[in-house]
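Q:
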Amino acid sequence: MTRYMSILLIGCFVLSAPLSMADTLTICQTCPVKTIKQGLDKSKDGDVVIVKPGFYQEGNLNITKQITFLGEDFPVIDGNNNNEVLTINADSVVVRGFLIQNVGTNYLEDRAGININERDYCIIENNKLINTFFGIYLKNVSDCIVRDNLIQGKAIEEISSGNAIHAWKSKNLIIENNLAEKHRDGIYLEFVDNSVISGNTSRDNLRYGLHFMFSNHDQYRENIFLNNGAGVAVMFSRNIEMIQNRFEKNWGASSYGLLLKEIYDGKIEHNTFLSNTIGIYAEGANRLNFNYNDFEKNGWALKILGSCMDNKFEYNNFISNTFDLSTNSSRNYNEYIHNYWGDYTGYDLDKDGFGDVPYRPVKLFSYIVSKVDPSIILLRSLFIDILNFAEKVTPVFTPESLKDVEPLMKPVK
Amino acid sequence: MLKIFKYSFFDLIRSRWIYAYFSFYLITAISLLYISNDLNRAILSLMNIVIILSPLIGTMFGVMYYYNSREFVELLLAQPVKRTAIFLGQYLGLTVSFSLSFGLGLGLPFLFNGILGSEEIGNFLILLLNGTLLTFIFTAIAFLISLLNENKIKGFGLAIIIWLFFAVIYDGLFLLSLVIFEDYPLDSFALIASIFNPIDLSRIFMMLQLDISALLGYTGAVFNKFLGTNMGIVVALISSLLWVFIPVKGFLHYSLKKDF
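Note that the protein sequences, when read in sequence, are chains A and B. Position 307 of the first sequence, counting from 1, maps to 306 under numbering that gives the first Met the number 0, and the rest follow consecutively. Position 68 of the second sequence, counting from 1, maps to 67 under numbering that gives the first Met the number 0, and the rest follow consecutively.
1) With B/L190 and B/F164 assumed to form a contact (beta carbons below 8 Å), what rounded beta-carbon distance in angstroms separates them?
2) Specify whether the region 52-63 of chain B and the region 116-127 of chain B touch according to this definition: at least 3 beta carbon pairs, one from each stretch, less than 8 Å apart.
3) To the nearest angstrom, report how far apart A/N114 and A/E282 are at their CA atoms.
4) Kindly say whether A/G345, judged by its beta-carbon, lies nearer than 8 Å to any beta-carbon of chain B.
5) Give every residue of the same chain whose Cβ lies closer than 7 Å to the Cβ of A/V361, excluding the five residues on either side of it in the sequence, and list them in chain order.
6) Could you confirm whether any beta carbon from chain B is found closer than 8 Å to the beta carbon of A/L377?
7) Assign A/H165 to one of two classes, buried (16 or more other C-beta atoms within 10 Å of its C-beta) or exposed (fewer than that).
8) Tell me which same chain residues have a C-beta within less than 6 Å of the C-beta of A/Y55, skipping the five on either side of it?
9) Would you tell me roughly how many angstroms separate the C-alpha atoms of A/G185 and A/S328, rounded to the nearest one?
10) Assuming A/I336 and A/V392 make a contact with CB atoms under 8 Å, what is their CB distance in whole Å?
11) Would you say B/F155 faces chain A, with C-beta separation under 8 Å as the test?
12) How many angstroms separate the CA atom of A/T63 from the CA atom of A/V47?
13) Using the three-state DSSP reduction, which class does A/S19 fall into: helix, strand or coil?
14) Return the CA-CA distance between B/S7 and B/S98, expressed in angstroms with no decimal places.
15) Could you compute how far the alpha carbon of A/R95 sits from the alpha carbon of A/D203?
16) In terms of alpha-carbon separation, which member of A/F211, A/G256, A/E240 and A/V233 lies closest to A/N226?
17) If we ignore side chains and look at the alpha-carbon of each, how far apart do B/M46 and B/F101 end up?
18) Taking the beta carbon of B/L177 as the centre, do at least 16 other beta carbons fall within 10 Å, making it buried, or is it exposed?
19) Under 8 Å by Cβ, that's how I've got A/N275 and A/N249 pegged, so tell me the actual separation to the nearest angstrom.
20) Counting only C-beta atoms, is A/T414 closer than 8 Å to chain B at any point?
21) So B/M206 and B/L214 are in contact, right, with Cβ under 8 Å, and what is the actual spacing, rounded?
22) For B/N47, which three-state DSSP category applies?
23) Could you name the residues of the same chain whose beta carbon sits closer than 6 Å to that of B/L105, not counting the 5 residues immediately before and after it, in chain order?
24) Between A/D351 and A/A154, what straight-line distance do the alpha-carbon atoms span, to the nearest angstrom?
25) Expressed to the nearest angstrom, what Euclidean distance is found between the alpha-carbon atoms of A/R245 and A/E180?
26) Against chain A, which members of the region 77-109 of chain B pass a CB distance test of less than 8 Å?
27) From B/F111, B/F142 and B/V49, pick the residue whose C-alpha is nearest to that of B/R69; which is it?
28) Residues of the region 163-189 of chain B with a CB closer than 7 Å to any CB of chain A: list them in chain order, please.
29) Are any of the Cβ atoms in chain A nearer than 8 Å to that of B/L214?
30) Is B/F244 helix, strand or coil by DSSP?
31) Within a Cβ cutoff of 7 Å, which residues of the same chain sit near B/A158, ignoring the five residues on either side of it in sequence?
32) Kindly say whether B/N39, judged by its beta-carbon, lies nearer than 8 Å to any beta-carbon of chain A.
33) Could you please give me the residues that DSSP links to B/L147 through a beta bridge?
34) Distance, Cα to Cα, B/Y183 vs A/R359?
35) With three or more beta-carbon pairs closer than 8 Å as the criterion, would you say the region 362-381 of chain A touches the region 6-20 of chain B?
36) Under 8 Å between C-beta atoms, does B/K51 make it to chain A?
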């Protein structure tokens, strides 16, 4: 009962607060308040500050009150390539509708377009951030929403660039429908828990489209990762769910659609991996479920190293990949079952939809290529086919127990 | 030369062999398209067939045709016709008719499956080009072999060995040397070694189209330059043309010297 009472009380307070004391402050070239700095000084908790279209170059702007900060028709706030633009040092701040540009690069401090500094409940939405060092920087915050932002950087090399959305030591974040491009990492999460990352597009970033470090219980879904240095990296994390994402055209020598390293208990479902050099690269990945993913036209659909255990691959489609699976170990501790393999040549006499002959996804040739790189030039040679066939009949170099005992005859829809 | 070309061409397109060759590719293409229901995968399977079969048919039929038409050649040699014209005419008659039946056999089913409007048209053209080039190369080699060997059995044997060498043994030796000399930088060696085998060249064409994702995973700079740019295609094409030119030149040269 007391719980309901308190909720009611809080509700009344929240509802009555804006009614009793909220003011609206307008900032424009012809208004009484001409600069944003003045406006921020004059505002008090709960105010709405509206900025009319115009060009504002006022150095670093520090929001210290719980205000709703609105831009009309994307007023430009310029950092003059010299400083951080918007620093938020208050709870429950809303920033909406600004064009923030020219954040200066600095090697000593992490300057950002919008920096939320150890405060909670912020909403950053529908902004454009152009030519930023760091785009949106969330430092030790919780319950923040970052959505519908366009963040466009100018990254040329990794050491002198920042991340489009950077979150550190935060929890309960919602990051959705943003477009992050040309930064070091599109979205970078370190020590971020219980957050949802959905509907974002991350492309043309130098390093990763999405980068998880030491983050647990997060979910990312329906994102698109295109043409990044290396798609998505999930490292040292637990209980991450990755659902319905697209990983496309991550090309290069150490380029992956998805890089998994030291990760436990996750779910990877309904994702599409198209035309990547390596679809999924897993090292020290344990107890993950890979279901209903499509792997198409990748160089290597999967590279699962010997340090991976107890993963289950079920109902995935492997179509037109150069190699379906490659591993560096002669033992296998993972389970592959009920997948559709494009190269499967078996038959299904009892018509139960599963092939009667097990399929061995690791080819001898992928083993040879992992030992002697240039031999890749012999791909699709008749000689190699003969070798692969011999190995298939009596496995010597490839893990004997690595096989799909019930491969699907038709692709999973 | 044109007359001789015309004669052997019309002679050949009436022969059973050409029809058999044509219908083989027709049936294979139709059934592959029917089974896979996907242009890309059908092309992939056909590439694997073409790079093995075109050289085989090219060499075997080239040798056979030469030995069978030997009397006709001797008759022509008695006439005031240039020797190069006789052999070049026969060579072209054979290769053009085979390439035509190959092209039609594959082309018709794909045409009906809408290849023209699809994005696979590039891959399909590469496939046709590959098959045609291989036919030209291996028929020339076959002519050279049969000109050098009066003995039919020896000629056939040599033709089979040559085919087997380029199709399988060469790659085996190639791989072996890569494994043995693993510790050395082998990029350039690997590329040059594949230039010396026309079947490998065709494979490179194919890989550049289909496996580019995997190829870009390799770190060697020479490789990347070769495979990642148009240079790969250009070099492979030029080398293939050289592979046609040199054996043709060879058998023409030898035909002038040979005492019939």
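For glycine and all other residues, C-beta sits at the position ideal for the given N, C-alpha and C. It should be emphasised that the depicted structure is a prediction, and the values quoted were computed from it without experimental measurement.
A: Checking against the coordinates, here is how it stands:
1) As a working note, residue 190 of chain B is residue 191 in the second sequence. As a working note, residue 164 of chain B is residue 165 in the second sequence. Rounded, the Cβ-Cβ distance is 20 Å, inconsistent with contact.
2) no
3) If you number the first sequence from 1, residue 114 of chain A lands on position 115. If you number the first sequence from 1, residue 282 of chain A lands on position 283. Taking the straight line from one Cα to the other gives about 34 Å.
4) For the purposes of this step, residue 345 of chain A is taken as the residue at position 346 of the first sequence. No - not a single Cβ of chain B is within 8 Å of the one on A/G345.
5) Indexing the first sequence from 1 puts residue 361 of chain A at position 362. Correct list, in chain order: L324, S325, T326, T397, P398 and L401.
6) If you number the first sequence from 1, residue 377 of chain A lands on position 378. Yes, A/L377 counts as interfacial toward chain B.
7) Locating residue 165 of chain A in the first sequence gives position 166, counting from the first residue. A/H165 comes out buried.
8) Here residue 55 of chain A is taken as the residue at index 56 of the first sequence, counted from 1. Around A/Y55: I35 and I76.
9) Taking the first sequence and counting its residues from 1, one reaches residue 185 of chain A at position 186. Taking the first sequence and counting its residues from 1, one reaches residue 328 of chain A at position 329. Their backbone Cα atoms lie some 33 Å apart in a straight line.
10) Here residue 336 of chain A refers to the residue found at position 337 when the first sequence is read from its first residue. Here residue 392 of chain A refers to the residue found at position 393 when the first sequence is read from its first residue. About 22 Å; that fails the 8 Å criterion.
11) Counting from one through the second sequence, the residue named residue 155 of chain B turns up at place 156. Chain A, which has no Cβ nearer than 8 Å to the Cβ of B/F155, makes this no.
12) Along the first sequence, read from residue 1 onward, the residue named residue 63 of chain A stands at position 64. Along the first sequence, read from residue 1 onward, the residue named residue 47 of chain A stands at position 48. The straight-line gap from Cα to Cα measures roughly 14 Å.
13) For the purposes of this step, residue 19 of chain A is identified with residue 20 of the first sequence, where counting begins at 1. For A/S19, the predicted structure reports a pLDDT of 48, less than 50, and the residue's modelled location is therefore unreliable. A value from the coordinates is still provided. Helix, per DSSP.
14) Stepping through the second sequence from its first residue, residue 7 of chain B is reached at position 8. Stepping through the second sequence from its first residue, residue 98 of chain B is reached at position 99. Taking the straight line joining both Cα atoms gives about 14 Å.
15) As a first step, residue 95 of chain A is located in the first sequence; it is residue number 96 there, counting from the start. As a first step, residue 203 of chain A is located in the first sequence; it is residue number 204 there, counting from the start. Straight-line Cα distance between these residues: approximately 25 Å.
16) Within the first sequence, residue 226 of chain A is the residue found at index 227, counting from 1. Looking at the Cα atoms, A/G256 is the closest of the given residues.
17) The residue labelled residue 46 of chain B in the question sits at position 47 within the second sequence. The residue labelled residue 101 of chain B in the question sits at position 102 within the second sequence. For B/M46 and B/F101, the distance between alpha carbons rounds to 13 Å.
18) Against the second sequence, residue 177 of chain B aligns to sequence position 178. Its Cβ being crowded by 16 or more others within 10 Å, B/L177 is buried.
19) As a working note, residue 275 of chain A is residue 276 in the first sequence. As a working note, residue 249 of chain A is residue 250 in the first sequence. Yes, A/N275 and A/N249 are in contact; Cβ-Cβ is about 5 Å, under 8 Å.
20) As displayed, chain A neither begins before 0 nor continues past 412, which places residue 414 of chain A out of reach and without an answer.
21) To locate residue 206 of chain B, count along the second sequence from 1; it is residue 207. To locate residue 214 of chain B, count along the second sequence from 1; it is residue 215. About 6 Å separates the two Cβ atoms, so the contact holds.
22) Here residue 47 of chain B corresponds to residue number 48 of the second sequence, with the count starting at 1. Helix, per DSSP.
23) By 1-based counting over the second sequence, the position of residue 105 of chain B is 106. Counting only Cβ-Cβ distances below 6 Å, and skipping sequence neighbours, we find Y24 and A28.
24) Numbered from 1 along the first sequence, position 352 holds the residue referred to as residue 351 of chain A. Numbered from 1 along the first sequence, position 155 holds the residue referred to as residue 154 of chain A. Their backbone Cα atoms lie some 53 Å apart in a straight line.
25) Locating residue 245 of chain A in the first sequence gives position 246, counting from the first residue. Locating residue 180 of chain A in the first sequence gives position 181, counting from the first residue. Roughly 16 Å between the two C-alpha positions.
26) none
27) Residue numbering aside, residue 69 of chain B sits at position 70 when the second sequence is read from its first letter. For the residues B/F111, B/F142 and B/V49, the minimum Cα distance to B/R69 belongs to B/F142.
28) A166, V167, D170, G171, F173, L174, L177, V178, E181, L185, D186 and A189
29) In the second sequence, residue 214 of chain B corresponds to position 215, counting from 1. True, the Cβ-Cβ gap to chain A drops below 8 Å.
30) Here the question's residue 244 of chain B lines up with position 245 in the second sequence. Looking at B/F244 - three-state DSSP - the assignment turns out to be helix.
31) Taking the second sequence and counting its residues from 1, one reaches residue 158 of chain B at position 159. These residues qualify, in order along the chain: T58, M59, V62, A141 and I144.
32) The residue labelled residue 39 of chain B in the question sits at position 40 within the second sequence. Yes, B/N39 counts as interfacial toward chain A.
33) By one-based count along the second sequence, residue 147 of chain B stands at place 148. Partner(s): none; B/L147 has no beta bridge.
34) Within the second sequence, numbered from 1, the residue matching residue 183 of chain B stands at position 184. Within the first sequence, numbered from 1, the residue matching residue 359 of chain A stands at position 360. Roughly 32 Å between the two C-alpha positions.
35) no
36) Along the second sequence, read from residue 1 onward, the residue named residue 51 of chain B stands at position 52. Checking the sequence, you will find Ile at residue 51 of chain B rather than Lys. Judged by the 8 Å Cβ criterion, B/I51 is in contact with chain A.
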